[in-house]
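Visitor: Counted the way numbering that gives the first Met the number 0 counts, the sequence shown spans residues 0 to 390.
Glycine included, every Cβ here is placed at the ideal spot set by N, Cα and C.
Mind looking over this structure? Questions follow.
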Amino acid sequence: MQNAATIIVIIIAVITALSYNWIDESITISGFRRPDIKPYEGGKCRVIEGIETCEDIVIHHRTGHAFMACGDKTIRSQVFYPPINLITDTTQLIRDTPYIYDINNDKLIPLELKNFPPEEDFLLCGMGIYEDEKNEPNKLYVFFTNHKKTGSVIEIFEHILNTNELVHLSTVKNDLIITPNDVVPVSKDEFYVTNDHGHETGFWREFGDITRRPWGNVVFHSSITNTTEIVADSIRYPNGITSNWDNSKIYVGTSAGGELLIYDRKSNNKLHLSESLFTGLSIDNISVDEQTGEIYCAATQKPLAALVYMRDRTGTAPPQPAAIIKVSNNTAEDKFYGIKYSQKIIFEDNGSILPSVSIATADRQRNVMLLGTFRGDGIARCELESLIEIN
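And the structure:
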């Protein structure tokens, strides 16, 4: 009897400890302890107008062209947008327009789709680009997550540099790609994609959001071997995904986990989790500084306010406060105690610049950081040095 009682006490203690950690993390990520965020006044930022809901931005550094997955804020807030569980019976054809922002000339260039079926939806969320500069110096491969009414897929396009065209090559649809959020290509025929939820819609999706269930995953697809497989599982709302310069590391930001997950990519394309960095903020999309390897995480300060803002159909909900976290190799003394990375918030804003920030990506050569938003007008162009110097 005494042994049984001891076992029961141990079980209760473990459950209590785990519950405390879950509650403490949930309170931290939710932002309840966080003071109200003030308007950003530290750096030099201006809004580039003429576009909407550019949720993801990837800079091609050789040309200074920023490729952007943009859309229509009315469609995303009132008609149809699976990433926020807005699914209706609409029969409206939805056609988003991706853009290039030419950093050198401060110019927006709409991209024209070629060879894409005119009857198909094109509703964008995440994106990535792949370049083989040695063998195809004038060509890029551009990947988008496309949330069609018939099911979410990955679209692959070819782009000739300094043109305004995207030539459609293929559509990847698979039963394992159920709630794709962001995509990072590692060749012109292979990519990793985050499934941010384990369920497309319904009660269990909402339940997973409220309870922060680890029901998301990362999927790898190869059109070379015609294989699709889950390579990282049990993740709390995996959102943005990107890689380092040689694709040997894969980075994933989690919205419900408040973590930056750092994976080593194996020769068989499996992922091994090497580091989990808790930020305490709900992370959206992420990017890597091409020169320094530093990682920039766009984050939401108050996720519950963000949820209200995302689902507001009246246009009266206040903008959501945002942050940008810079993650670097740790150079402090505690690196000798196994702390490999340091993190620092370099930007906070209450929505005075953009009503939300879903991506922050840097071009150090041109002293530019671009900010995108999943629901709102324009993108922001900031001086990178002013952000770094002040912080």
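With distances taken between CB atoms, is the gap from Ile47 to Tyr80 smaller than 8 angstroms?
Guide: Sequence index remark: in the sequence shown, residue 47 carries index 48 (1-based). Sequence index remark: in the sequence shown, residue 80 carries index 81 (1-based). In this structure, Tyr80 does not lie closer than 8 angstroms to Ile47 by Cβ.
Visitor: The beta strand (DSSP E) spanning Thr308 covers which residue range?
Guide: Taking the sequence shown and counting its residues from 1, the one referred to as residue 308 is at position 309. At residue 308 the sequence reads Tyr, which differs from the Thr that was named. Per DSSP, Tyr308 belongs to no beta strand (DSSP E); it is in the alpha helix (DSSP H), Pro302 to Arg310.
Visitor: Please list the segments of the beta strand (DSSP E) lying wholly inside the region 18–103, counting only runs of 3 or more residues, in order along the chain.
Guide: Runs of the beta strand (DSSP E) inside the region 18–103: 44–51, 55–59, 64–68 and 98–101.
Visitor: Pick helix, strand or coil for Glu384, following the three-state DSSP scheme.
Guide: Taking the sequence shown and counting its residues from 1, the one referred to as residue 384 is at position 385. Three-state DSSP puts Glu384 in a helix.
Visitor: Have a look at Glu164 and Glu111 and give me their C-alpha separation to the nearest angstrom.
Guide: As a first step, residue 164 must be located in the sequence shown, where it is residue number 165. As a first step, residue 111 must be located in the sequence shown, where it is residue number 112. If you take the alpha carbons of Glu164 and Glu111, they lie about 5 angstroms apart.
Visitor: For the pair the region 292–305 and the region 63–79, tell me if three or more CB-CB distances fall below 8 angstroms.
Guide: Segments in contact, no.
Visitor: Within 10 angstroms of its Cβ, does Ile338 collect 16 or more other Cβ (buried), or is it exposed?
Guide: The residue you call residue 338 lines up with position 339 of the sequence shown. Result: exposed.
Visitor: What residue from Ala359, Gly377 and Thr372 has the CA that sits closest to Leu383's CA?
Guide: Here residue 383 refers to the residue found at position 384 of the sequence shown. Nearest C-alpha to Leu383: Ala359.
Visitor: Would you call the region 196–208 in contact with the region 218–228, where contact means no fewer than 3 C-beta pairs closer than 8 angstroms?
Guide: Not touching, per the Cβ criterion.
Visitor: Between which two residues does the beta strand (DSSP E) carrying Thr162 extend?
Guide: Position 163 of the sequence shown, counted from the first residue, corresponds to residue 162. Taken as a continuous stretch (DSSP letters only), Thr162 belongs to no beta strand (DSSP E), as it is neither H nor E.
Visitor: Considering only residues of the same chain and omitting the five flanking positions on each side of Asn366, which have a CB-CB separation below 8 angstroms?
Guide: Mapped onto the sequence shown, residue 366 falls at position 367. Around Asn366: Glu382, Leu383 and Glu384.
Visitor: Among Thr278, Lys43 and His59, which has the Cα closest to the Cα of Pro136?
Guide: Here residue 136 corresponds to residue number 137 of the sequence shown, with the count starting at 1. For Pro136, the nearest C-alpha among the options comes from His59.
Visitor: Is the separation between the beta-carbon of Asn216 and that of Pro184 shorter than 8 angstroms?
Guide: Within the sequence shown, residue 216 is the residue found at index 217, counting from 1. Within the sequence shown, residue 184 is the residue found at index 185, counting from 1. Not in contact: Asn216 and Pro184 (Cβ atoms no closer than 8 angstroms).
Visitor: Quick check: what's the CA-CA separation for Tyr39 versus Ile83?
Guide: In the sequence shown, residue 39 corresponds to position 40, counting from 1. In the sequence shown, residue 83 corresponds to position 84, counting from 1. Cα-Cα distance, rounded: 27 angstroms.
Visitor: Short of 7 angstroms in beta carbon distance, which residues of its chain neighbour Val8, apart from the five on each side in sequence? Order them along the chain.
Guide: In the sequence shown, residue 8 corresponds to position 9, counting from 1. Low local confidence applies: a pLDDT of 42 at Val8 is under 50, so the model's placement there is unreliable, with the coordinate-based value given in what follows. Here the set comprises nothing.
Visitor: Can you tell me whether Leu17 is buried or exposed, with buried defined as 16 or more other CB within 10 angstroms of its CB?
Guide: As a working mapping, residue 17 is identified with position 18 in the sequence shown. Confidence in Leu17 is poor, its pLDDT being 49 and thus under 50, which makes the residue's placement unreliable; the coordinate value appears in the next sentence. Result: exposed.
Visitor: Can we say the region 21–39 touches the region 364–379, given the rule of at least three CB pairs closer than 8 angstroms?
Guide: No, the region 21–39 does not touch the region 364–379.
Visitor: Along the chain, which unbroken stretches of the alpha helix (DSSP H) at least 4 residues long are found entirely within the region 154–237?
Guide: Correct list: 202–210.
Visitor: Does Arg365 come out as helix, strand or coil in the three-state DSSP assignment?
Guide: Within the sequence shown, numbered from 1, the residue matching residue 365 stands at position 366. Residue state, collapsed to three classes: helix.
Visitor: Would you call the region 344–357 and the region 315–325 touching, i.e. three or more CB-CB distances under 8 angstroms?
Guide: Enough Cβ pairs lie closer than 8 angstroms, so yes.
Visitor: Expressed to the nearest angstrom, what Euclidean distance is found between the alpha-carbon atoms of Glu154 and Ser281?
Guide: Start at 1 with the first residue of the sequence shown, and residue 154 comes out as number 155. Start at 1 with the first residue of the sequence shown, and residue 281 comes out as number 282. Between Glu154 and Ser281, the C-alpha separation is close to 27 angstroms.
Visitor: Let me check one thing: in DSSP terms, what residues is Asn145 bridge-paired to?
Guide: Position 146 of the sequence shown holds residue 145. Asn145 is bridged to Leu123 and Val152.
Visitor: Using a threshold of 8 angstroms, state whether the C-beta atoms of Asn268 and Val307 are closer than that.
Guide: As a first step, residue 268 is located in the sequence shown; it is residue number 269 there, counting from the start. As a first step, residue 307 is located in the sequence shown; it is residue number 308 there, counting from the start. The answer is no: Cβ separation not under 8 angstroms.
Visitor: Nearest-angstrom Cα distance between Ile102 and Arg32?
Guide: The count along the sequence shown starts at 1 and reaches residue 102 at position 103. The count along the sequence shown starts at 1 and reaches residue 32 at position 33. So the alpha carbons of these two residues sit roughly 38 angstroms apart.
Visitor: What's the gap between the Cα of Ile285 and the Cα of Val251?
Guide: In the sequence shown, residue 285 corresponds to position 286, counting from 1. In the sequence shown, residue 251 corresponds to position 252, counting from 1. Computed Cα separation, rounded: 8 angstroms.
Visitor: Shortest alpha-carbon distance to Ile159 belongs to which of Arg312, Gly41 and His64?
Guide: For the purposes of this step, residue 159 is taken as the residue at position 160 of the sequence shown. Nearest C-alpha to Ile159: His64.
Visitor: For Asn243, I'd like the list of residues in its chain whose CB is within less than 7 angstroms of its CB, leaving aside the five on either flank, ordered along the chain.
Guide: For the purposes of this step, residue 243 is identified with residue 244 of the sequence shown, where counting begins at 1. Excluding residues within five positions, the ones whose Cβ falls inside 7 angstroms are Val287 and Gly292.
Visitor: Cβ atoms of Tyr98 and Met126: under 8 angstroms apart, would you say?
Guide: In the sequence shown, the residue the question calls residue 126 occupies position 127. In the sequence shown, the residue the question calls residue 98 occupies position 99. No, the Cβ-Cβ distance between Met126 and Tyr98 is not below 8 angstroms.
Visitor: Check each candidate in Asp105, Asp120 and Tyr191 and name the one with the smallest Cα separation from Ser221.
Guide: Residue mapping note: residue 221 aligns to position 222 of the sequence shown, counting from 1. If we check each option's Cα against that of Ser221, Tyr191 comes out closest.
Visitor: Please find out if some non-hydrogen atom of the ligand MG comes closer than 7 angstroms to the beta-carbon of Lys248.
Guide: Absent from the structure shown: the ligand MG. Ligands present: none.
Visitor: Determine the burial state of Lys325: buried for a count of at least 16 other Cβ atoms within 10 Å of its Cβ, exposed for fewer.
Guide: Sequence index remark: in the sequence shown, residue 325 carries index 326 (1-based). By the 10 Å Cβ count, Lys325 comes out buried.
Visitor: Less than 8 angstroms between the C-beta atoms of Val218 and Asn246, yes or no?
Guide: Looking up residue 218 in the sequence shown gives position 219. Looking up residue 246 in the sequence shown gives position 247. Their beta carbons are not under 8 angstroms apart, which means Val218 does not touch Asn246 by this criterion.
Visitor: Ile323 and Tyr340 - do their beta-carbons sit closer together than 8 angstroms?
Guide: As a first step, residue 340 is located in the sequence shown; it is residue number 341 there, counting from the start. As a first step, residue 323 is located in the sequence shown; it is residue number 324 there, counting from the start. It is not a contact, given that the beta carbons lie outside the stated cut-off.
Visitor: Among the candidates Leu85, Cys53, Cys44 and Ile28, whose CA atom is the shortest distance from the CA of Arg310?
Guide: Taking the sequence shown and counting its residues from 1, one reaches residue 310 at position 311. Cα-wise, what sits closest to Arg310 is Leu85.
Visitor: I need the straight-line Cα distance from Asn180 to Val171, nearest angstrom please.
Guide: Within the sequence shown, residue 180 is the residue found at index 181, counting from 1. Within the sequence shown, residue 171 is the residue found at index 172, counting from 1. If you take the alpha carbons of Asn180 and Val171, they lie about 14 angstroms apart.
Visitor: With a 10 Å radius around its C-beta and 16 neighbouring C-beta atoms as the bar for buried, classify Ile22 as buried or exposed.
Guide: The residue you call residue 22 lines up with position 23 of the sequence shown. By the neighbour-count rule (16 or more Cβ atoms within 10 Å), Ile22 is not buried but exposed.
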